[in-house]
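As C-alpha coordinates, the structure follows; a few thoughts come after it.
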Amino acid sequence: MKKYSYVPEGYNAVSPSLAFKGAEKAIEWYKKIFNAEEKMRFDNPDKTIAHAELAIGDSVVMLTEENPQYNKSPKTANGNSIILCIYVPDVDATVKKALDNKAKLLIDVKDQFYGDRSGRIEDPFGYTWIVSTHVKDVSDQEMRRAMKEMSEQH
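Shown next, in the form of C-alpha coordinates:
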(Lines of atoms letter the chains of each structure in order from A and count residues from 1; the text may use other names and numbers.)
(Lines give C-alpha, C1' and ligand atoms only; values in the text may rest on other atoms or scores of the structure.)
Protein backbone atom coordinates (compact mmCIF):
# COMPACT_ATOMS: atom_id res chain seq x y z
CA MET A 1 0.00 0.00 0.00
CA LYS A 2 1.39 3.40 -1.03
CA LYS A 3 2.04 5.83 1.80
CA TYR A 4 0.90 9.39 1.05
CA SER A 5 2.28 12.60 2.47
CA TYR A 6 -0.30 14.78 4.14
CA VAL A 7 0.78 17.52 1.67
CA PRO A 8 0.41 16.72 -2.04
CA GLU A 9 3.53 16.88 -4.16
CA GLY A 10 4.16 20.38 -5.49
CA TYR A 11 2.34 22.13 -2.63
CA ASN A 12 3.31 23.67 0.70
CA ALA A 13 1.38 23.15 3.93
CA VAL A 14 -0.33 26.54 3.56
CA SER A 15 -1.54 28.00 0.26
CA PRO A 16 -3.70 31.10 -0.05
CA SER A 17 -7.02 30.82 -1.87
CA LEU A 18 -8.07 34.25 -3.14
CA ALA A 19 -11.39 35.48 -4.55
CA PHE A 20 -11.49 38.00 -7.37
CA LYS A 21 -13.92 40.14 -9.25
CA GLY A 22 -12.26 39.41 -12.59
CA ALA A 23 -10.15 36.31 -11.87
CA GLU A 24 -9.06 36.01 -15.50
CA LYS A 25 -7.48 39.47 -15.37
CA ALA A 26 -5.84 38.62 -12.04
CA ILE A 27 -4.21 35.52 -13.52
CA GLU A 28 -2.78 37.56 -16.39
CA TRP A 29 -1.53 40.26 -13.99
CA TYR A 30 0.23 37.74 -11.71
CA LYS A 31 1.81 36.06 -14.73
CA LYS A 32 3.14 39.43 -15.90
CA ILE A 33 4.30 40.81 -12.55
CA PHE A 34 5.32 37.73 -10.52
CA ASN A 35 6.13 35.31 -13.39
CA ALA A 36 3.31 33.04 -12.24
CA GLU A 37 2.65 29.86 -14.17
CA GLU A 38 -0.88 28.55 -14.50
CA LYS A 39 -0.98 24.95 -13.22
CA MET A 40 -4.70 24.23 -13.39
CA ARG A 41 -8.02 25.82 -14.25
CA PHE A 42 -11.66 24.76 -13.97
CA ASP A 43 -14.30 27.03 -15.47
CA ASN A 44 -17.88 27.54 -14.37
CA PRO A 45 -20.65 27.06 -16.96
CA ASP A 46 -20.67 30.86 -17.44
CA LYS A 47 -16.92 30.70 -18.30
CA THR A 48 -15.79 32.43 -15.09
CA ILE A 49 -13.11 30.68 -13.07
CA ALA A 50 -14.37 28.14 -10.54
CA HIS A 51 -10.84 27.21 -9.42
CA ALA A 52 -7.37 27.95 -10.75
CA GLU A 53 -3.90 27.39 -9.37
CA LEU A 54 -0.82 29.46 -10.07
CA ALA A 55 2.75 28.47 -9.26
CA ILE A 56 4.70 31.47 -8.02
CA GLY A 57 8.24 30.44 -7.15
CA ASP A 58 7.94 27.35 -4.95
CA SER A 59 4.39 28.17 -3.83
CA VAL A 60 0.86 27.68 -5.10
CA VAL A 61 -1.77 30.42 -5.04
CA MET A 62 -5.34 29.24 -5.59
CA LEU A 63 -7.94 31.61 -6.97
CA THR A 64 -11.57 31.80 -7.94
CA GLU A 65 -14.12 34.24 -9.24
CA GLU A 66 -16.02 35.72 -6.30
CA ASN A 67 -19.32 34.10 -5.41
CA PRO A 68 -21.77 35.85 -3.05
CA GLN A 69 -22.58 32.53 -1.35
CA TYR A 70 -18.97 31.63 -0.54
CA ASN A 71 -16.47 34.47 -0.88
CA LYS A 72 -16.03 38.11 -1.82
CA SER A 73 -13.14 39.90 -3.43
CA PRO A 74 -11.52 42.78 -1.51
CA LYS A 75 -13.10 45.19 -4.01
CA THR A 76 -16.61 43.89 -3.22
CA ALA A 77 -15.94 43.59 0.52
CA ASN A 78 -14.53 47.16 0.61
CA GLY A 79 -11.34 46.03 2.28
CA ASN A 80 -8.74 43.35 2.73
CA SER A 81 -7.66 41.67 5.94
CA ILE A 82 -4.69 39.68 4.65
CA ILE A 83 -1.19 40.54 3.50
CA LEU A 84 0.66 38.28 1.09
CA CYS A 85 4.45 38.18 1.25
CA ILE A 86 6.50 37.32 -1.82
CA TYR A 87 10.25 37.00 -2.34
CA VAL A 88 11.49 38.00 -5.79
CA PRO A 89 14.98 38.23 -7.32
CA ASP A 90 14.78 42.05 -7.77
CA VAL A 91 12.31 43.87 -5.53
CA ASP A 92 12.93 47.27 -7.11
CA ALA A 93 12.23 46.01 -10.65
CA THR A 94 9.19 43.99 -9.55
CA VAL A 95 7.61 46.88 -7.65
CA LYS A 96 8.27 49.24 -10.57
CA LYS A 97 6.64 46.77 -12.97
CA ALA A 98 3.66 46.43 -10.62
CA LEU A 99 3.27 50.21 -10.33
CA ASP A 100 3.48 50.53 -14.11
CA ASN A 101 0.59 48.02 -14.25
CA LYS A 102 -1.95 49.71 -11.96
CA ALA A 103 -0.69 48.65 -8.51
CA LYS A 104 -0.65 51.27 -5.74
CA LEU A 105 2.47 51.90 -3.67
CA LEU A 106 1.69 51.62 0.04
CA ILE A 107 5.24 51.67 1.47
CA ASP A 108 8.39 52.60 -0.46
CA VAL A 109 11.02 49.96 -1.13
CA LYS A 110 13.89 50.23 1.36
CA ASP A 111 16.42 48.12 3.22
CA GLN A 112 14.91 46.60 6.37
CA PHE A 113 16.64 45.78 9.66
CA TYR A 114 15.79 42.08 9.29
CA GLY A 115 17.88 41.63 6.15
CA ASP A 116 15.32 42.16 3.40
CA ARG A 117 14.85 44.99 0.97
CA SER A 118 11.11 45.36 0.70
CA GLY A 119 8.13 47.52 -0.12
CA ARG A 120 4.37 47.17 0.04
CA ILE A 121 1.87 47.42 -2.81
CA GLU A 122 -1.83 46.94 -3.37
CA ASP A 123 -2.54 45.06 -6.59
CA PRO A 124 -5.34 46.22 -8.91
CA PHE A 125 -7.65 43.60 -7.35
CA GLY A 126 -7.34 44.90 -3.78
CA TYR A 127 -4.79 42.46 -2.32
CA THR A 128 -1.82 43.79 -0.35
CA TRP A 129 1.63 42.34 -1.06
CA ILE A 130 4.93 42.81 0.78
CA VAL A 131 7.45 42.37 -2.01
CA SER A 132 10.97 41.52 -0.83
CA THR A 133 14.44 40.46 -1.83
CA HIS A 134 16.62 38.97 0.89
CA VAL A 135 19.89 40.94 0.85
CA LYS A 136 21.70 39.85 4.01
CA ASP A 137 21.47 37.39 6.86
CA VAL A 138 20.77 38.99 10.25
CA SER A 139 21.00 37.15 13.57
CA ASP A 140 18.09 37.09 16.02
CA GLN A 141 20.22 39.15 18.40
CA GLU A 142 20.82 41.84 15.76
CA MET A 143 17.10 41.93 14.93
CA ARG A 144 16.13 42.30 18.60
CA ARG A 145 18.61 45.14 19.01
CA ALA A 146 17.28 46.92 15.91
CA MET A 147 13.66 46.45 17.06
CA LYS A 148 14.51 47.91 20.46
CA GLU A 149 16.21 50.91 18.87
CA MET A 150 13.22 51.48 16.58
CA SER A 151 10.72 51.30 19.44
CA GLU A 152 12.77 53.75 21.51
CA GLN A 153 12.65 56.29 18.67
CA HIS A 154 8.83 56.25 18.57
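Under the numbering used here, read the sequence shown as residues 1 to 154, first letter to last.
Note that CB positions come from ideal geometry on N, CA and C, so glycine has one too.
The shortest C-alpha to C-alpha distance from E9 to any of I130, N67 and A55 is the one to A55. When only Cα atoms are considered, A13 and A93 end up about 29 Å apart. Two segments are said to touch when three or more pairs of C-beta atoms, one from each, lie closer than 8 Å; by this definition the stretch 94-105 does not touch the stretch 58-73.
Annotation: E24 to F34 spans about 15 Å, alpha carbon to alpha carbon.
Cβ contact annotation for D108 (same chain, cutoff 7 Å, sequence separation greater than five): G119, in chain order.
Taking 4 residues as the shortest admissible run, the stretch 64-105 contains the following complete alpha helix (DSSP H) segments, listed from N- to C-terminal end: 74-77 and 91-100. Taking 9 Å as the cut-off, the Cβ atoms of E122 and A103 count as close.
In this structure, DSSP gives M1 a state outside helix and strand, which the three-state scheme calls coil. Across the set E53, K32, K31 and Y30, the C-alpha of E53 shows the shortest separation from the C-alpha of R41.
Contact check for A19 and T48: beta-carbon distance about 11 Å, past the 8 Å limit, so the pair fails to qualify. Bounds of any alpha helix (DSSP H) do not take in F113, whose DSSP letter is neither H nor E. Nearest to P124 by alpha-carbon distance, out of S15, L106 and P68, is L106.
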